[in-house]
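Below is one structure; the comments refer to it alone.
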Amino acid sequence: MEDLLRFLKTYEGWIYAFLGIAALIGLRNLVRAWEAWRSAVFGLERESALLRLRSAVTLLVFTTGLALLEFITVSFVYPTAVAFFQPLPTPTVTLLETPFSLPASTSTSAPAMGASTPSPATPTSEGCLPGQIEWTYPQAGDVLQGKVVLRGTINVPNLGFYKYEYRAVGTQDWLTIAAGNRPIVDQPLGGEGSGEWDTEMVTPGDYELRLVVYDNTNQPFPACIVPVRILAPDGG
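Following this line, the structure appears as structure tokens:
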């Protein structure tokens with residue numbers, strides 16, 4: 001399935017060219033068959049011309065249907081399907097060749113009197129590229145409740161597609177919300193009319209949202225991650 005979708009996307013131009021040639025041939029045959037049918041005098045001639053006319057119409061309908069199917073596949077099916085098939089590469093951790101241990105502490109020191117308690121760290125985004133790959137809503141540390149429209153900027157050269165996902169803090173698996181394949185600048189993810197996410201469908205708590213963008217050779221850009229908090233719906 002994935003290989004077929006990639007083939008249709010990679011050779012999209014050639015497929016349209018082939019179907020266009022087939023449609024022109026069908027149109028030419030249609031005109032000729034129509035003229036032959038109109039000028040036919042005998043019943044056998046008219047029957048033969050009618051058969052050619054039907055064949056030409058069938059070819060035109062068939063090529064038009066294939067072209068429409070190709071357009072729907074590469075424009076709508078491909079971005080969403082490949083978003084589920086394509087895993088995000090896992091970074092490799094390089095371990096030190098020679099292990100070492102820290103010396104044990106021989107004494108403990110009490111905190112100095114009057115020392116202030118460190119304040120909690122401010123939530124920050126990770127891996128985002130301002131003006132290219134970033135969340136514009138929500139931002140790091142935002143609180144979400146109910147239905148929200150996720151917005152962002154996906155404006156990179158040679159864009160292939162992107163997907164946006166979420167996971168609970170402390171878990172490993174990312175869950176895909178949806179995907180898109182057109183550049184956007186501070187717009188709903190997936191384009192106008194898209195991007196809605198119903199947070200009532202997930203358990204309240206701390207979550208991370210991630211944008212994963214691929215170029216047209218399926219090479220990933222750095223993932224853009226923002227931490228958010230989801231509240232229970234009012235009255236829940």
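Its first residue numbered 1, the sequence shown is counted upward by one per residue in this note's numbering.
From the three backbone atoms N, C-alpha and C, an ideal C-beta is built for every residue, glycine too.
Query raised in the report: Exposed or buried, what is alanine 179 when buried is set at 16 or more other beta-carbons lying within 10 Å of its beta-carbon?
Result: By the beta-carbon neighbour count (other beta carbons within 10 angstroms, threshold 16), alanine 179 is buried.
Report task. Could you check how far apart the C-beta atoms of asparagine 237 and leucine 159 are, in whole angstroms? I think they sit under 8 Å. Result -> With the chain running from 1 to 236 in the structure shown, residue 237 is simply not present.
Query - Whole-Å CB distance - alanine 40 paired with alanine 49, under 8 Å assumed - result: 5 Å
Query raised in the report: If you measure from the CB of alanine 33, is any heavy atom of the ligand FMN nearer than 8 Å?
Result: The ligand FMN is not part of the structure shown, which contains no ligands of any sort.
Query - Residue of Glu12, Gly13, Ile154 and Ala36 minimising C-alpha distance to lysine 310 - result: Absent from the structure is residue 310, since the part of the chain shown begins at 1 and ends at 236.
Query raised in the report: Quick one: what does DSSP say valine 57 is sitting in, helix, strand or coil?
Result: helix
Query raised in the report: What's the gap between the Cα of proline 183 and the Cα of lysine 9?
Result: 17 Å
Requested in this report: Use the C-beta contact count for threonine 290: other C-beta atoms within 10 angstroms, 16 or more gives buried, fewer gives exposed.
Outcome: No answer is possible for residue 290: the residues shown for the chain start at 1 and end at 236.
Query - Which listed residue (Leu59, Tyr11, Gly131 and Gly191) has its alpha carbon closest to that of alanine 33 - result: Leu59
Query raised in the report: Whose C-beta lies closer than 8 Å to the C-beta of phenylalanine 42 among residues of the same chain, with five residues either side of it excluded?
Result: Exclusion of the five residues before and after phenylalanine 42 leaves no residue of its chain whose Cβ lies closer than 8 Å to its Cβ.
**Report entry** Cross-strand partners of isoleucine 72 (DSSP beta bridge)
**Finding:** Isoleucine 72 pairs with nothing; no bridge assigned.
Query - CB of aspartate 206 within 9 Å of CB of alanine 232, strictly - result: no
Report task. Spatial neighbours of proline 222 within its chain, please: CB distance less than 6 Å, with the 5 preceding and 5 following residues excluded, ordered by chain position. Result -> Cβ neighbours of proline 222 beyond the five flanking positions: Gly127.
Query - For glutamine 132, the nearest candidate out of Val185, Val74 and Asp234 (CA to CA) - result: Val185
Query raised in the report: According to DSSP, which residues form a beta bridge with tryptophan 14?
Result: Tryptophan 14 is not bridged to any residue.
Query raised in the report: Is the distance from the Cβ of valine 143 to the Cβ of tryptophan 197 below 9 Å?
Result: no
**Report entry** Close-in-space but distant-in-sequence residues of the same chain around valine 226 (CB under 6 Å, 5 per side omitted)
**Finding:** Ser125, Trp135, Ala140 and Leu209
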